[in-house]
Ligand code: AMP
Ligand code: ZN
């Protein structure tokens, strides 16, 4: 079976083929760093991480860029309103630069806690002003721009014949009804490439501004992605990702700019993650229903429970969040971590020379099914279904005799799939300290001597240290209940 991905460009599942053999280049639209990321935003980055890791699992070398929008994203999609960073700076009485760097750092912390791998590059918009100006110059030279006085330089969408094709005609109409009309624009969905800073007479002063051939100002929001993806991934690259809200405005505009400038597609595949909802609304600042990862932590949840919860809904389906579902996710994840930790901390009391063929067969079958689910447009809920049936088979087999090789093969299988899922806490912490194993060995000896009273005493002693001891036909295992502070730290 080949890898198929749903391409927003064609609204179809298509066979994925990279441009360069064995290498995939991905651009994921990154955060606007004016506030804490909410768990809706984070769902979108978990999806991008799963995409990247699935491709790596399938043997591709992946180069991924996630940009940092630290200038130019205005409060309104029609290029009016305030710059989100400058607005936040005023509200929080900090400089725009302090705000941008602070929330970027917080974003990186969220990524780390969610086991999201750092991308190959994380370019900042403010550090690529030259590249953005150069790109705008190309568009100007080709006659696709016009100036609105005291406002900015705009892209004339009527000159890009395909404008609206990507967004979808109905979506565009809907968008038009939402857009507050700027009568000075030639077409309702023309968008800013460069915005002018307010005139000195206005008394308003921007903190982030640069000189340009068109006057002092700052880049429009969309141009950064076109300029930085070209620089780091070249054009066309393989896959562009973002949340579904980007289809109608941001990505449609990126396509218009990049294709006009370089006469070739921007990306071959466009993948969009659906929204996370809370109550009956999408999570969003304007909806007033935000929750952050810290809120979940304060409510007693581990960040990885949220990651696991996300994996249980397909990325193209709306996800309805509640603390109740998060609680069940945390419990299910605990059962996976528990089994893994048990297998890492085993003391055999009876050697078994025979390898358990059923375990081998099940591991092989599970990996095949897992791969098939991934190849079907990243069907992670299905992949996790296979994981649970594999684990229940394993639990059955552990009730029979197993040997060291069997245990090793189960752990290897789980390690392989965890490269994609990334739901296990830092593995080094899963190993219990030698002291515990030593006491456990002593307990076994006493048990063998049929000194049950003394052996039970030792079990209680171990349990007091927050470990749980479980006896199997030919081994004893020890584990901790997760979440547990000792298992969390890297
Ligand atoms: P922003 O920082 O506002 O540019 O958004 C960062 C990413 O989060 C974008 O890809 C958005 O499409 C995505 N996003 C925004 N709201 C949600 C939501 N409720 N659920 C999932 N993704 C979202
Ligand atoms: Zn973008």
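Residue numbers (the numbering used here): 37 to 526.
Here a beta-carbon is modelled for each residue, glycine too, at the ideal position from N, C-alpha and C.
- Query: Where residue 225 and residue 177 are concerned, what is the direct C-alpha to C-alpha distance, given to the nearest angstrom?
  - Reply: 21 Å
- Item | Close Cβ partners of residue 58 (< 8 Å) along its chain, the five nearest in sequence each way excluded | Here the set comprises 95, 96 and 97.
- Cβ-heavy atom distance, residue 207 to the ligand AMP, below 8 Å: No, Cβ of residue 207 sits at least 8 Å from all heavy atoms of the ligand AMP.
- Query: Among all residues, which have a Cβ less than 5 Å from at least one non-hydrogen atom of the ligand ZN, and in what chain order do they fall?
  - Reply: 65 and 261
- Top-ranked residue by Cα proximity to residue 421, from 460, 347, 462 and 370: 347
- Query: Which term fits residue 252, buried or exposed, when burial requires 16 or more other beta carbons within 10 angstroms of its beta carbon?
  - Reply: exposed
- So residue 112 packs on residue 259, CB below 8 Å; how close in whole Å? Incorrect: roughly 17 Å between the Cβ atoms, too far for contact.
- Query: Which class does residue 220 belong to by DSSP, given the choice of helix, strand or coil?
  - Reply: coil
- Message: Measuring alpha carbon to alpha carbon, tell me which residue in 476, 351, 427 and 109 is nearest residue 395.
- Response: 427
- So, do the segment 469-488 and the segment 429-440 have three or more beta carbon pairs nearer to each other than 8 Å? The segment 469-488 makes no contact with the segment 429-440; the number of CB pairs closer than 8 Å stays below 3.
- Please go through the same chain and pick out, in chain order, the residues whose beta-carbon is closer than 7 Å to the beta-carbon of residue 533, but skip the five residues on each side of it. Nothing can be reported for residue 533: it is not among the residues displayed for the chain, which extend from 37 to 526.
- In terms of residues, what are the limits of the alpha helix (DSSP H) holding residue 181? Careful: residue 181 lies outside any alpha helix (DSSP H), inside the beta strand (DSSP E) at 181-184.
- Task: Go ahead and pull the three-state DSSP assignment for residue 498.
- Result: helix
- Query: Regarding residue 276 and the ligand AMP, is the C-beta to nearest heavy atom distance less than 8 Å?
  - Reply: no
- Would you tell me roughly how many angstroms separate the C-alpha atoms of residue 103 and residue 66, rounded to the nearest one? Roughly 5 Å between the two C-alpha positions.
- Query: If you run the structure through DSSP and keep just helix, strand and coil, what is residue 286?
  - Reply: The three-state secondary structure of residue 286, taken from DSSP, is helix.
- Query: Where DSSP assigns a beta bridge to residue 64, which residues make up the other side?
  - Reply: 102 and 277
- Message: Closest to residue 228 by C-alpha separation, out of 278, 276 and 293, would be which residue?
- Response: 293
- Message: At the level of alpha carbons, what is the spacing between residue 100 and residue 244?
- Response: 27 Å
- Query: What's the gap between the Cα of residue 345 and the Cα of residue 130?
  - Reply: 35 Å
- Query: Under the rule that 16 or more other beta-carbon atoms within 10 Å means buried, what is residue 335, buried or exposed?
  - Reply: exposed
- Message: Does the beta-carbon of residue 79, which I'm using as the reference point, lie nearer than 8 Å to any heavy atom of the ligand AMP?
- Response: Result yes, Cβ under 8 Å from the ligand AMP.
- Taking the continuous beta strand (DSSP E) assigned at residue 50, which residues delimit it? 48-51
- Item | Coarse secondary structure for residue 421, derived from DSSP in three states | helix
- May I have the straight-line CA-CA distance separating residue 514 from residue 383, to the nearest angstrom? Those two C-alpha atoms are separated by around 9 Å.
- Item | residue 369 versus residue 116 - alpha carbon distance | 45 Å
- Express the C-alpha separation of residue 281 and residue 365 in angstroms, rounding to a whole number. 27 Å
- Item | Integer Cβ distance of residue 377 from residue 466, believed to fall under 8 Å | 5 Å
- Message: What residue range does the beta strand (DSSP E) around residue 383 cover?
- Response: DSSP places residue 383 in the uninterrupted beta strand (DSSP E) bounded by 382-384.
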